[in-house]
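Here the sequence shown stands for residues -18 to -1, 1 to 300, numbered as in mature numbering (1 follows the signal peptide of the UniProt record, and there is no 0).
Every residue gets a Cβ at the ideal spot worked out from N, C-alpha and C, and that includes glycine.
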Amino acid sequence: MFYVFILLGYLHPRDVLAYIANNQIKPVVSDQEKPIIDIPVMQTVSSVATFTDITSLNMGSAFAQRLSESKLSVPHQYIRATTRINRLNELRTELKVDSDVDFSINDFIIKACALGLRLVPDLNAIYDSQAESAIYLRSVDLSMAVATKSGLLTPILHSADTLNVSDISKLSQQLVQKARDGILQPHELEGGSFTIFNLGIYDIREFTTIVNHPQVAILAVGSGLPEACISTSYTENKITFSTNITLTLSVDSRCVSEVVASSFLKYVCSLLGDYPHLLLNGDPVSLSLKSNQTSSQQDEFDNLMLSKVNTDIIQTLV
């Protein structure tokens, strides 16, 4: 019961009740007396799945586990170099016009790495964890990283240093196709002394990758991208464009030093950038030694490159 006084006189309670009824005024409810409002039930997710559950394949899982173990157990070091491949592209164009053969850049990279491993054999090795020492291999067997539906596979080009670029091109294409078709034989996957991982077709400038234990080194190859450079002369300065690729070498630091890794990259970059014609020979390293039986492979090959000897001159050494 409450009372309201106004200046004109006394207001009767029934007038207040009538006003409330006529205007449909509801009583104020305190916080403690407020009713609990039912929360609407949310709609359940449709029984039809909006995603695809992909089961990990045994081969891909095994490879991923091996890389994880390699990353954890192998002390990695990374060495990076860039080389200009204008001359290499010109050579590829000449070969396509003259013989209608379209060699890929990767064919020449494989050959350059194979020769580089002959010249710097410390990288052509596997690491024996039990003996805690490196085992240096005589045969240069290159593993190529190939992306497939089953995961990343690494088929092998055996004795790649003795193959010419034409044979490398044919064999690598066959191995890539067999890897994607899932018909690689065990001997085409087992072993390997060095791995090349090329992501050039994806316009990747550079990347690093994990050493494929027990191997002691792996090379990551980026895309050939155009870069502007200033050409200076006595008369004028002009801007020209060159195509460069970046090579990143990952090594096991327990048996490969920075100096050895840098030496390997020096040879590979020189062969690709300055002397691509040397790569057309089956084995220019052996040919170079015929001119001087007492020289080491590295010394004689250094002299060969410094003198800018091309393919025709090398063939006269036979």
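Rounded straight-line distance, which links the Cα of residue j to that of residue i
i	j	result
residue 108	residue 242	15 Å
residue 211	residue 223	6 Å
residue 119	residue 106	6 Å
residue 168	residue 231	27 Å
residue 166	residue 187	30 Å
residue 61	residue 240	7 Å
residue 95	residue 221	32 Å
residue 235	residue 68	33 Å
residue 149	residue 178	17 Å
residue 46	residue 219	51 Å
residue 246	residue 102	6 Å
residue 296	residue 98	Below a pLDDT of 50, predicted positions are generally treated as unreliable, and residue 296, at 40, falls in that range; no measurement from the model is reported.
residue 163	residue 257	36 Å
residue 160	residue 66	32 Å
residue 90	residue 237	27 Å
residue 136	residue 86	19 Å
residue 153	residue 88	12 Å
residue 114	residue 63	29 Å
residue 125	residue 93	12 Å
residue 170	residue 194	16 Å
residue 43	residue 131	12 Å
residue 78	residue 84	5 Å
residue 208	residue 226	6 Å
residue 146	residue 32	52 Å
residue 138	residue 80	30 Å
residue 174	residue 121	9 Å
residue 189	residue 82	33 Å
residue 140	residue 250	19 Å
residue 244	residue 73	26 Å
residue 112	residue 52	15 Å
Opening and closing residue of the beta strand (DSSP E) in which residue i lies
i	result
residue 233	219 to 234
residue 124	124 to 126
residue 191	Element bounds for residue 191: n/a, residue is neither H nor E.
residue 260	Element bounds for residue 260: n/a, residue is neither H nor E.
residue 115	115 to 118
residue 133	133 to 135
residue 201	199 to 203
residue 107	107 to 110
residue 177	176 to 180
N- and C-terminal bounds of the alpha helix (DSSP H) containing residue i
i	result
residue 60	No alpha helix (DSSP H) holds residue 60; the beta strand (DSSP E) holding it covers 58 to 66.
residue 102	Premise fails: residue 102 is in no alpha helix (DSSP H) and is neither H nor E.
residue 163	147 to 163
residue 247	240 to 255
Expected contact under 8 Å - CB spacing of residue i and residue j to nearest Å
i	j	result
residue 127	residue 134	6 Å
residue 260	residue 253	6 Å
residue 192	residue 49	5 Å
residue 155	residue 176	Wrong, their Cβ atoms sit about 20 Å apart, outside the cutoff.
residue 123	residue 117	Contact doesn't hold; Cβ gap of about 13 Å is too wide.
Residue i at chain C interface by Cβ criterion, 8 Å
i	result
residue 87	Given the protein chain composition of this structure (a single chain), no chain C is represented.
Validate contact between the region 197 to 204 and the region 225 to 239 using beta carbons, cut 8 Å, 3 pairs: yes
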